[in-house]
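Protein chains in written order, with full-length UniProt numbering: chain A, 1 to 274; chain B, 1 to 552; chain C, 1 to 383; chain D, 1 to 436.
Note that the Cβ used here is the ideal one computed from N, Cα and C, for glycine as well.
Since the structure is predicted, the reported quantities are computational estimates derived from the model, not experimental observations.
First up is the structure itself, then whatever we jot down about it.
The following block contains the structure:
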């Protein structure tokens with residue numbers, strides 16, 4: 001990015017002046033565009049001319065063999081990785097490539113990691129508290145007090161993710177599945193416009209999976225959800241639109257049935273699986 | 001000036017001198033054998049000469065020396081050497097002049113300079129040293145040099161010629177010029193010509209001076225420059241101008257040499273840094289262990305060298321060579337002990353290892369203080385490592401540093417080999433990349449840890465051996481290097497040996513380039529600040545580690 | 001604003017802080033009484049020597065608390081906090097030097113003695129203003145704070161973390177030590193600043209002043225403790241812990257990790273500065289050796305010994321180690337380094353949670369090992 | 001010293017403890033010894049502690065002072081300057097010692113100074129130092145600059161005809177001050193600015209390459225050049241090594257050192273040093289019976305044939321004997337009485353002469369120039385015809401030119417300004433402090 005842009009980009013230079021999160025403009029439909037995105041790690045092309053659009057309120061599943069670039073794509077969207085070329089827009093106003101992770105998060109993109117990462121030293125309650133969508137600058141955080149409505153909101157989510165009885169236990173003692181849930185809960189606390197969910201059901205029991213499925217589908221509409229998942233069964237149970245990634249670019253897109261009958265897909269992916 | 005009065009007669013018949021010098025050893029031996037008899041005849045001239053020398057006041061001393069040389073006595077040279085080395089004493093009550101063979105401790109071993117017979121020990125209370133000081137020693141060197149010029153051994157001649165530089169005066173010019181008529185090895189001839197020229201420049205007539213300048217113009221020798229400098233400020237304007245030209249042309253030559261010199265200094269400092277840091281690069285880079293006791297491991301290596309020299313008195317060279325493996329072993333074992341006793345309990349807590357090993361370093365230091373001594377230990381530099389390799393009058397590379405540079409490179413190459421070519425190296429790299437994975441592939445991570453740490457520590461020991469030739473061997477040796485070592489490793493990029501090499505050498509050179517105009521302290525500060533700023537730009541150093549291992 | 005108080009007052013409502021403050025004040029009061037009331041030579045009399053000694057311990061304790069704040073709760077192992085301590089100390093020292101006025105051996109009204117005999121003709125600009133107490137005291141906070149701000153800004157912005165950060169903090173204090181050793185710097189070089197006469201008009205060489213400084217230090221420690229406690233029990237404290245344990249995650253929640261780090265780091269540096277400022281008049285000298293990296297490391301070890309991420313642990317650790325030093329240097333001068341070194345090793349290897357850890361174990365054995373003992377209870381959090 | 005007492009002492013430090021009852025007259029005379037036994041300065045200071053213990057032992061064998069035995073109280077300030085002040089306070093306030101022998105570095109003395117003045121103690125300081133100080137409570141038995149540096153320079157100038165000067169030192173106050181003094185002194189003697197090169201290096205500096213080569217260049221300007229070294233302890237070994245390796249012989253560019261003594265040489269491979277010079281007020285090699293007896297006693301005490309003696313040890317020897325005599329003269333150990341009694345006391349030194357305590361609390365010393373020998377000893381090549389009295393305030397520093405020190409009544413002032421005719425503040429202010 002050129003020096004000039006650096007200087008003219010208000011949000012980067014005068015961060016303290018920047019509004020916490022200027023509204024996401026989705027009047028033109030899609031909430032997320034990726035255009036001709038390329039990334040390579042010392043020679044290896046992880047993402048290769050990736051083009052992807054997610055509509056507002058859509059629930060999208062992304063599948064693909066290992067190394068297809070699923071996680072890398074999420075890293076790009078959340079600002080962890082910067083692409084070599086291409087553009088990534090959140091709504092039609094925010095160029096994500098110019099923003100830091102916190103900016104992007106406060107714009108309303110929430111992410112759940114492949115490997116569940118919660119703050120083990122903190123209690124379940126505190127984990128959610130930190131995730132809560134509030135003013136996240138230093139002094140407000142320092143002087144923040146636990147308003148009743150906040151607590152209600154948290155308890156509500158606790159209810160939703162079924163960790164009420166573990167409310168004051170340190171997150172460190174949770175089971176793998178429970179951590180997954182907690183992290184989803186943290187996502188909900190963020191009230192994001194777009195949720196990026198990386199392998200949500202890994203290590204979950206059947207009924208946990210079902211509940212996750214319900215939850216995600218219930219979210220769709222209000223928020224846009226992008227789910228990366230290996231578990232075909234699960235995908236099938238929630239998927240409306242499915243995108244198949246292969247070698248860093250979109251191989252096929254459509255309903256589960258469409259893609260699963262797509263010969264290409266069968267060759268590279270389902271074929272492998274079989 | 002006056003000192004060389006005596007050389008005039010003596011050198012008119014340079015033969016006597018030559019004879020005196022060239023007396024074949026056998027003959028001298030014969031003489032010595034025949035001495036007892038000789039000394040019985042009560043009047044050994046030597047006795048008188050020595051007493052005269054001993055009694056001489058600073059004014060009479062030249063005469064006394066002169067007398068000894070004139071005597072043409074075969075023992076004269078030994079006497080003068082003894083005198084020069086401060087080994088002549090008088091027995092207080094008898095007034096007899098004796099040569100002190102061993103002057104350590106309360107009782108000294110003395111010998112009779114006339115017969116060479118050992119007179120056993122005597123309390124130093126009973127002895128009265130025959131005084132000599134730098135001034136006299138300087139003159140003495142001139143005399144001995146004059147003698148040596150007649151040697152057949154070119155090396156001796158060269159030394160002598162070197163010594164003559166700036167010591168020439170009226171009395172020796174003639175014999176020197178005579179000497180030039182004989183065919184001499186090139187360097188000797190040049191030196192003599194130059195030394196004569198220097199004299200001419202100071203004393204000679206106009207055209208002699210002109211000649212002198214032409215002779216000296218090429219020379220890089222400091223005495224030559226000194227003479228020219230004097231001439232340049234002299235009262236004869238024409239001469240001064242020419243001297244000035246000569247100086248300018250010399251200065252040109254010097255510039256190059258100085259640059260080369262600075263570079264050499266930089267490399268040698270750099271190689272010291274590399275040596276000190278490379279062991280750390282292994283323990284720190286591979287195992288993520290922050291070993292604050294690393295400095296003390298270096299110290300152990302240095303002390304091993306000292307110990308070796310105690311075991312093999314009189315053979316510092318051999319001791320030094322032997323202490324390379326020994327130092328490695330000692331430090332390696334110490335390192336392994338530390339790993340087993342402390343570090344293995346701190347897996348995955350790198351910052352805690354820092355604290356624990358800091359404690360260890362305190363203990364090791366105090367251990368050395370109490371067991372050995374709080375005082376520094378003296379490590380002697382073997383002949384072949386002292387002095388310097390003379391490229392030309394202005395540029396000479398100190399040998400000990402040159403050896404250290406070489407040693408550093410060898411050690412580095414060795415490590416590279418181990419890392420690249422051996423099974424251990426492979427395993428080590430595997431463990432570095434991904435511990436769990438490596439273990440699951442049947443690599444015994446603990447064993448690797450032990451070996452790695454042993455290796456790193458051993459290398460620290462090697463560094464100690466090298467440092468013993470450059471700096472103090474004392475309890476604080478380690479402290480002085482630990483921080484620099486960390487800087488080098490971090491600057492180079494953790495876990496990357498090439499990085500460490502490059503970082504060490506470049507930091508050393510930068511430091512040496514800055515030093516002349518910034519001063520030593522400021523230079524060091526600048527380097528530190530530079531490192532801090534650099535880390536801001538590249539948080540993982542020159543050569544960052546790739547892969548997930550680096551994320552941690 | 002009303003809410004801003006709550007974070008500071010919150011600690012006063014939690015029991016651990018109340019106990020801590022209680023013990024601290026009781027001790028200070030007791031010492032004061034015994035010093036004043038008991039006659040010289042009485043078995044229970046506390047000599048001025050002991051008072052000053054304790055005063056020194058308290059300064060170290062405050063420094064340790066500052067270190068614990070960044071290390072324990074933010075996971076930043078600073079090996080350079082001695083630098084902030086020393087800078088605070090120098091700021092105070094400069095004030096004290098100016099107070100000497102013309103009572104220096106050369107009787108120069110303005111220049112300190114060391115400047116006179118290294119014939120400086122005038123006071124360097126950075127010495128200006130230190131004749132005024134208020135200015136000096138502001139500097140005690142500002143100078144270390146500013147250094148921390150600049151250094152921290154550079155470091156955290158470029159996400160220098162873990163070992164690398166520790167090493168460059170070490171480089172920082174080392175560079176400063178070398179710099180202050182230089183006489184050209186105008187800080188008295190190796191001799192540092194000494195021969196102080198009086199502070200705020202009180203003669204430093206009287207027992208009453210010493211007692212006053214001791215009490216002041218006690219109060220400073222109390223305040224410092226409450227501030228730190230206030231931070232760690234606030235939401236910001238929990239964010240810090242979050243940064244410590246999962247930095248990336250915290251970013252994705254929308255927190256500017258580098259700013260959290262910077263804020264806490266600067267606060268901690270200022271506390272360290274105050275500790276240094278109180279330390280100098282009590283020990284009567286400030287010299288570059290306070291910048292020595294080894295000192296900074298030692299401070300960290302105090303914290304480790306007392307128990308990381310429990311502020312009171314830092315206090316315990318600082319006082320214990322330094323008390324041990326006092327005893328050892330008396331009892332076994334030749335061997336005290338063994339004892340100290342051994343202590344460090346044993347603590348880090350066998351007492352990862354330090355003494356505080358032991359205490360907590362006794363309190364609630366069911367405590368899960370993953371959970372950090374420092375974690376505030378929710379009711380505190382939401383009080 | 002009994003462990004028990006020290007445990008007690010330790011406890012007292014933290015808890016609120018027993019302070020010892022005042023000494024009755026027949027109690028032993030307590031001699032505090034304040035030398036670092038650990039840390040960086042242990043290298044130099046441990047020997048001084050042993051010396052004191054030896055001297056005290058000898059004195060007790062002679063029946064103590066006026067029948068009172070002496071008792072050594074040893075503490076370890078661990079090379080930590082604030083700790084020096086703390087320990088001094090401990091000695092004076094808790095241990096109630098009658099006198100303290102101690103300190104090596106200037107900074108440690110500076111840090112102790114306010115304490116001894118406040119508590120009105122006695123301190124004997126045995127090391128050569130930069131001067132510019134005269135405290136009512138401190139006796140300086142080491143050399144002031146005019147007892148070491150200036151005579152050494154005279155020697156170089158007159159005996160060796162040196163015209164070009166390198167003043168190399170470690171960057172701390174002693175070298176700084178000494179070099180300032182020498183600079184002025186040399187310039188007064190008409191040495192040109194360009195013929196003086198001044199260089200400072202940090203403590204423990206080990207990379208001398210470029211500096212030594214600079215010296216070499218500086219020396220090739222045609223005039224006889226010498227190095228006046230105030231380089232401190234550890235940095236010396238690499239310095240001399242580098243000199244040797246770059247082929248600078250003592251006959252070309254002699255180095256005269258003020259901080260290299262027998263003890264330092266013990267840790268050096270003396271090969272490259274032979275012929276270089278040092279200026280002290282005592283050398284182990286001095287040919288006097290007093291010295292030989294002292295050495296014998298020392299070697300027996302240490303049980304080490306290789307044990308060496310050095311200048312600061314002699315200073316302690318002199319200081320201790322002066323104290324003994326002063327106490328006998330005053331008939332009491334009362335500090336003020338001793339302070340008055342000791343001025344003018346003169347005791348034999350180890351070089352065959354006498355040392356007298358001057359009113360400025362400095363003593364008279366002979367100045368010796370020694371050449372380093374291959375056996376780690378010095379051979380004396382020159383000495384002052386008579387002893388030199390220590391100068392508290394140098395005549396070659398602008399600030400202190402007009403100051404004199406005289407602790408006798410009525411002047412009783414450590415920094416009396418002869419121009420303004422007033423006594424600098426410290427004494428008066430001290431009186432106030434005492435009054436409170």
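Give me the Cα-Cα distance between residue i and residue j, rounded to the nearest whole angstrom.
i: residue 344 (chain C); j: residue 359 (chain B); result: 5 Å
i: residue 38 (chain D); j: residue 234 (chain D); result: 16 Å
i: residue 92 (chain A); j: residue 54 (chain A); result: 12 Å
i: residue 314 (chain C); j: residue 170 (chain C); result: 20 Å
i: residue 219 (chain C); j: residue 26 (chain C); result: 12 Å
i: residue 255 (chain A); j: residue 238 (chain A); result: 11 Å
i: residue 49 (chain C); j: residue 324 (chain B); result: 52 Å
i: residue 230 (chain D); j: residue 166 (chain D); result: 11 Å
i: residue 124 (chain A); j: residue 216 (chain A); result: 21 Å
i: residue 457 (chain B); j: residue 305 (chain B); result: 16 Å
i: residue 85 (chain C); j: residue 392 (chain B); result: 53 Å
i: residue 395 (chain D); j: residue 421 (chain D); result: 17 Å
Assuming residue i is part of the alpha helix (DSSP H), what are its boundary residues?
i: residue 336 (chain C); result: 336–350
i: residue 176 (chain A); result: 176–189
i: residue 410 (chain B); result: 399–421
Output needed for residue i: all residues of its chain with C-beta closer than 7 Å, excluding positions within five of it in sequence on either side, in chain order.
i: residue 287 (chain B); result: 449, 452 and 453
i: residue 54 (chain C); result: 31 and 214
May I ask which residues mark the beginning and end of the beta strand (DSSP E) holding residue i?
i: residue 190 (chain C); result: Run containing residue 190 (chain C): none; DSSP gives neither H nor E here.
i: residue 254 (chain A); result: 249–254
i: residue 294 (chain B); result: Segment 294–311 is the alpha helix (DSSP H) holding residue 294 (chain B); no beta strand (DSSP E) there.
i: residue 349 (chain D); result: Segment: none, residue 349 (chain D) is in no beta strand (DSSP E) and carries neither H nor E.
Given residue i, which residues of its chain have a CB within under 8 Å of its CB, disregarding the five upstream and five downstream residues?
i: residue 416 (chain B); result: 497
Might you give, ordered along the chain, the residues of its own chain that have their beta carbon closer than 6 Å to the beta carbon of residue i, omitting 5 neighbours on each side?
i: residue 208 (chain A); result: 177
Stretch-stretch touch, CB-based, cutoff 8 Å, three pairs: the segment 59–74 of chain A with the segment 235–244 of chain A: Touching, yes.
Complete runs of the beta strand (DSSP E) confined to the segment 169–226 of chain D [at least 3 residues]: 196–201
Beta strand (DSSP E) runs wholly inside the segment 350–393 of chain B, at least 3 long, in chain order: 388–390
Ordered list of beta strand (DSSP E) runs contained in the segment 127–173 of chain D, each at least 3 residues: 138–140 and 164–170
Three or more C-beta pairs below 8 Å linking the segment 128–136 of chain C and the segment 254–272 of chain C: Verdict: no, contact absent.
Any 3 or more C-beta pairs closer than 8 Å across the segment 123–142 of chain D and the segment 302–309 of chain C: no
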